[in-house]
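Enquirer: Structure in structure tokens, see below.
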Amino acid sequence: MTRFTVNGQPVHYRMDPETPLLWALRDASNLTGTKYGCGAGLCGACTVHIDGAAVRSCQVPIGSIEGSFVTTIEALSRDRSHPVQQAWVAESVPQCGYCQSGIIMAVAAMLEKNPNPSDADIDAEITNICRCGTYPRIRRAIRHAARVAAGGETIAAAPPPGIDPEDAARAIPALTPPKPTGKE
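101 is the number that this note's numbering gives to position 117 of the sequence shown; each next residue is one higher, with no gaps.
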């Protein structure tokens, strides 16, 4: 039996201690924002925070993190107000979107340690793979998120903090379907 905290909630997994954290999160806790990519710790789609550090969850046996604090994309910011999430929307980063939760988690951890990363810092720290190749947009979003986190800028493109995700389409005119004109 393994005990630790996931997204602020104590959990007690009755699974083999060698079970990768990725599968405990997805299968036992139904936290499917953490994605399975390669299973070898190479792609980063499964990145979560363990005690504040970005970690590839497919490589972490749950028995090795007893007493730790795990944060998944679902709890990075429940209202999507985290600067990285806001910058991701503002810079139109996702294409297929599969890798994005892992990259966002890696970037959020990096910006906590280094609020003004250089290109070399970004290249060294963010090794996640994006099959769609959105790397230029990712780099722009990282820089944008750093400025927002430092208080030097705000973002108007993403839903404002506190908006219910179900209401997001009504809050952003571009996402609101046009009203019928009767000429259809």
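No residue lacks a Cβ here, since even glycine has one placed at the ideal position from N, Cα and C.
#1: Tell me whether His33 sits in a helix, a strand or coil according to DSSP, three-state version.
#2: Should Gln70 go down as buried or exposed, given a rule of 16 or more other Cβ atoms within 10 Å for buried?
#3: Reducing DSSP to helix, strand and coil, say where Ile156 ends up.
#4: In angstroms with no decimal places, state the Cα-to-Cα distance between Glu2 and Arg64.
#5: Where Asp0 and Met(-15) are concerned, what is the direct C-alpha to C-alpha distance, given to the nearest angstrom?
#6: Give the straight-line distance between the Cα atoms of Arg40 and Arg121, rounded to the nearest whole angstrom.
#7: Does the contact criterion of 3 or more C-beta pairs under 8 Å hold for the region 81 to 100 versus the region 31 to 39?
#8: Mind checking Ala130: buried by the 16 CB within 10 Å criterion, or exposed?
#9: Taking DSSP as the reference, what is the three-state secondary structure of Pro120?
#10: Between the Cα of Val54 and those of Ala133, Arg127, Arg115, Ala8, spot the shortest distance and give me the residue it belongs to.
#11: So with Cβ pairs under 8 Å, would you call Met94 a contact of chain B?
#12: According to DSSP, which residues form a beta bridge with Ala38?
Expert: The short version:
#1: Position 49 of the sequence shown, counted from the first residue, corresponds to residue 33. Strand.
#2: The sequence position of residue 70 within the sequence shown is 86, counting from 1. It counts as buried.
#3: For the purposes of this step, residue 156 is taken as residue 172 along the sequence shown, with counting starting at 1. Any reading at Ile156 needs caution, since the residue's pLDDT is 47, under 50, leaving its predicted position unreliable; the model's value is listed next. The answer is coil: DSSP assigns Ile156 none of H, G, I, E or B.
#4: Your numbering for residue 2 matches position 18 in the sequence shown. Your numbering for residue 64 matches position 80 in the sequence shown. Answer to the nearest angstrom: the Cα atoms are 33 Å apart.
#5: On the sequence shown, position 16 is the one that residue 0 refers to. On the sequence shown, position 1 is the one that residue -15 refers to. Going from the Cα of Asp0 to the Cα of Met(-15) covers about 8 Å.
#6: Numbered from its first residue, the sequence shown carries residue 40 at position 56. Numbered from its first residue, the sequence shown carries residue 121 at position 137. Going by the C-alpha atoms only, they are around 22 Å apart.
#7: yes
#8: As a first step, residue 130 must be located in the sequence shown, where it is residue number 146. Buried, by the Cβ-count rule.
#9: Taking the sequence shown and counting its residues from 1, the one referred to as residue 120 is at position 136. The answer is helix: DSSP assigns Pro120 an H, G or I state.
#10: Within the sequence shown, the letter at position 70 stands for residue 54. When each option's Cα is compared against that of Val54, the closest is Ala8.
#11: Here there is only one protein chain, and chain B is not present.
#12: Looking up residue 38 in the sequence shown gives position 54. Answer is His33, bridged to Ala38.
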